[in-house]
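Colleague:
There are 2 protein chains.
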Amino acid sequence: MSDEPSARRGIPDATVARLPVYLRALGALAERGTATVSSEELASAAGVNSAKLRKDLSHLGSYGTRGVGYDVEYLVYQISRELGLTQDWPVVIVGIGNLGHALAGYAGFATRGFEVVALFDSDPAVVGQQIGPLTVLPLDALEAFTAEQPVAIGVVATPAGPAQAVCDRLVEVGVRSVLNFAPVVLQVPPGVDVRKVDLSTELQILAFHEQRKAVAEAMGLDDADDDGGAAAAAAQAISAVTS
Amino acid sequence: MSDEPSARRGIPDATVARLPVYLRALGALAERGTATVSSEELASAAGVNSAKLRKDLSHLGSYGTRGVGYDVEYLVYQISRELGLTQDWPVVIVGIGNLGHALAGYAGFATRGFEVVALFDSDPAVVGQQIGPLTVLPLDALEAFTAEQPVAIGVVATPAGPAQAVCDRLVEVGVRSVLNFAPVVLQVPPGVDVRKVDLSTELQILAFHEQRKAVAEAMGLDDADDDGGAAAAAAQAISAVTS
DNA sequence: TAGATTGTTAATCGATTAACAATC
DNA sequence: TAGATTGTTAATCGATTAACAATC
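Line order of the protein sequences matches chains A and B.
In the numbering used here, each residue's number is its place in the first sequence (first place is 1) plus 1.
In the numbering used here, each residue's number is its place in the second sequence (first place is 1) plus 1.
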């Protein structure tokens with residue numbers, strides 16, 4: 002209940018979001034045979050500031066050695082454990098179009114920690130298709146399937162239209178973690194986590210910065226921020242000139 | 002240079018990241034024929050707090066009407082303009098495997114603001130494939146292509162191995178915005194923006210919370226945070242019992 | 001005018017970072 | 001012991017939120 006030195010209580014969200022990045026960087030180091038890494042090296046591989054990395058890791062415990070650094074393998078294990086990757090989470094994918102198909106075959110799932118246990122689609126032309134070791138099941142088999150076998154994570158890879166209804170059904174059968182690829186904001190009850198992967202959103206964020214850069218350049222490098230509202234208009238003008 | 006009332010200088014990153022979400026919610030409202038929306042309604046559709054929404058929009062300017070709300074169409078235009086979507090950004094996709102193929106055909110690009118102008122792959126078996134209006138070009142044609150036609154955004158959809166080299170080449174030919182789907186942390190020079198879309202990362206973040214929820218439940222609902230390090234171990238134990 | 005809702009203020013909260021004492 | 005590097009402190013910065021005056 003009190004705040005002991007390195008008590009591990011409530012790891013900040015920002016830290017949790019970076020742990021997978023560290024894990025990835027550590028994996029690459031391990032492959033190259035690196036046994037030990039300093040916070041400086043690991044931070045640079047992960048693209049963050051070393052103070053931030055140390056602060057993040059300190060939330061998990063004291064797994065480094067002063068004067069030496071971190072043991073790569075041991076840190077991989079500790080982060081994996083913290084993220085819950087030392088067990089296998091059963092995953093279902095709903096919507097086996099182009100994207101769902103790509104996801105079903107994606108190596109990311111092969112990553113320790115997850116197992117795709119079923120694929121669902123409502124299109125009779127897709128149902129029955131074999132993808133790797135799995136056969137695409139009709140969406141209406143969802144309830145029967147989950148009655149037999151627990152599912153931790155549901156991936157929604159349908160078009161926008163049916164996404165909310167699919168999500169509702171996943172929640173209904175007990176799924177409390179949803180990864181949403183459909184271009185809609187899913188509404189879920191409290192206790193259910195949704196994360197969204199969205200191509201358009203990412204592109205739009207890049208476009209914003211791209212526009213800023215175009216304006217900054219046109220204005221002579223510095224002061225991109227001091228636009229009093231002119232950035233968009235200026236970018237338009239630039240675009241008009243350059244195309 | 003000074004801070005006038007609603008001078009638009011440096012929109013916070015957190016706000017920029019949410020503008021696409023608002024845009025999407027507004028699009029859905031527009032489709033349903035809604036002409037006007039209050040911050041309360043729009044916030045709920047976007048899954049955020051209404052104070053946050055108003056604060057975010059206030060960074061763009063004063064586009065609402067007190068006592069009334071926001072004109073949906075006008076707000077769509079203002080956000081689009083701010084994000085730089087009233088012009089078309091040329092996009093290339095490198096790596097036309099399962100995922101790249103899905104991306105090339107993805108409706109997200111059809112969204113106003115982006116145009117896929119070329120697809121590249123280094124596999125001779127893939128080069129020459131026709132995808133929609135485009136033919137997959139050999140990766141080695143990248144330099145010649147960009148010499149002819151400007152490219153704003155590069156999408157890296159290769160496997161992890163070649164991703165950094167591909168990114169380097171994109172940067173070399175002048176691309177300053179990269180959307181990375183490969184499971185690596187790309188290193189880029191200052192002035193280049195990288196955004197990462199990563200299935201594993203998202204799954205791992207969900208797994209962390211899923212684990213917390215499992216533990217919370219086993220401990221009798223409350224106090225999920227007060228684990229002094231026991232969450233992971235407890236989840237393991239739970240998993241062992243329930244499987 | 002009365003009711004509704006924005007835009008802004010100010011307080012709070014959480015995240016980042018530099019700096020350095022602890023310690024291998 | 002001397003050098004290196006962690007883990008933690010404390011200062012700073014940015015983001016969130018409630019509350020409300022401005023105003024349609």
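By construction, the Cβ of each residue, glycine as well, lies at the ideal position given by its N, Cα and C atoms.
Are Leu140 of chain B and Asp122 of chain B touching if we call contact CB-CB under 9 Å?
Modeller: Cβ atoms of Leu140 of chain B and Asp122 of chain B: closer than 9 Å.
Colleague: Indicate whether Ile132 of chain B and Ala158 of chain B have their beta-carbon atoms separated by less than 9 Å.
Modeller: No.
Colleague: To the nearest angstrom, report how far apart Ala166 of chain B and Ala26 of chain B are at their CA atoms.
Modeller: Computed Cα separation, rounded: 38 Å.
Colleague: Does Asp223 of chain A come within less than 9 Å of chain B when only Cβ atoms are used?
Modeller: Caution is warranted here: a pLDDT of 46 is assigned to Asp223 of chain A, below 50, making its placement in the model unreliable, and the coordinate value is therefore given only provisionally. Asp223 of chain A does not count as touching chain B.
Colleague: Under the three-state reduction of DSSP, which class applies to Gly155 of chain A: helix, strand or coil?
Modeller: DSSP places Gly155 of chain A in strand when its eight states are reduced to three.
Colleague: Using CA coordinates, which residue listed in B:Glu83, B:Glu74, B:Ala119 is at the minimum distance from Ser59 of chain B?
Modeller: Measuring from the Cα of Ser59 of chain B, the nearest candidate turns out to be B:Glu83.
Colleague: Please report whether the beta-carbon of Thr159 of chain B lies at a distance below 9 Å from any beta-carbon of chain A.
Modeller: Answer no: the Cβ-Cβ gap between Thr159 of chain B and chain A never drops below 9 Å.
Colleague: Note down, in chain order, each residue of its chain lying with its Cβ closer than 6 Å to the Cβ of Glu211 of chain B, except the 5 sequence neighbours on either side.
Modeller: Nothing meets the Cβ criterion.
Colleague: Helix, strand or coil for Asp122 of chain A? Go by DSSP, reduced to three states.
Modeller: Strand, per DSSP.
Colleague: Use the C-beta contact count for Asp223 of chain A: other C-beta atoms within 10 angstroms, 16 or more gives buried, fewer gives exposed.
Modeller: At Asp223 of chain A, the pLDDT of 46 sits below 50, so the modelled position is not reliable and the matter cannot be decided from this model.
Colleague: Going by the beta-carbon positions, is the gap between Ala119 of chain B and Val73 of chain B smaller than 9 Å?
Modeller: Contact flag unset, no.
Colleague: Please report the Cβ distance between Val1 of chain B and Phe182 of chain B, rounded to the nearest whole angstrom; I am assuming they are in contact, meaning their Cβ atoms lie under 8 Å.
Modeller: The question about residue 1 of chain B has no answer, for chain B in this structure spans 2 to 244.
Colleague: At what residues does the beta strand (DSSP E) containing Val93 of chain B begin and finish?
Modeller: Start and end: 90-95.
Colleague: Measuring CA to CA, which of A:Arg55, A:Arg33, A:Gly48 is closest to Ser39 of chain A?
Modeller: For Ser39 of chain A, the nearest C-alpha among the options comes from A:Arg55.
Colleague: Return the Cβ separation of Val193 of chain B and Val174 of chain B in integer angstroms, given the expectation that the two are a contact with Cβ distance under 8 Å.
Modeller: Rounded, the Cβ-Cβ distance is 12 Å, inconsistent with contact.
Colleague: Mind checking if Ile97 of chain B is an interface residue toward chain A, Cβ cutoff 9 Å exclusive?
Modeller: Answer no: the Cβ-Cβ gap between Ile97 of chain B and chain A never drops below 9 Å.
Colleague: Verify whether the separation of the beta carbon atoms of Pro163 of chain A and Gly96 of chain A is less than 9 Å.
Modeller: Yes, Cβ-Cβ distance for Pro163 of chain A and Gly96 of chain A is below 9 Å.
Colleague: Apart from the five residues just before and just after Gly229 of chain B, which ones in its own chain have a Cβ nearer than 7 Å to its Cβ?
Modeller: Confidence at Gly229 of chain B is low in this model, with a pLDDT of 44, below 50, so its placement is unreliable and no value can be given for it.
Colleague: Just to confirm, is the Cβ distance from Leu20 of chain A to Asp57 of chain A under 9 Å?
Modeller: Against a cut-off of 9 Å, the Cβ pair of Asp57 of chain A and Leu20 of chain A comes out as a contact.
Colleague: Helix, strand or coil for Ile250 of chain B, going by three-state DSSP, please let me know.
Modeller: In the structure as shown, chain B starts at 2 and stops at 244, and residue 250 of chain B therefore has no counterpart that could be examined.
Colleague: Grab the span of the alpha helix (DSSP H) containing Asp141 of chain B for me, first residue to last.
Modeller: Here Asp141 of chain B belongs to no alpha helix (DSSP H), and DSSP marks it neither H nor E.
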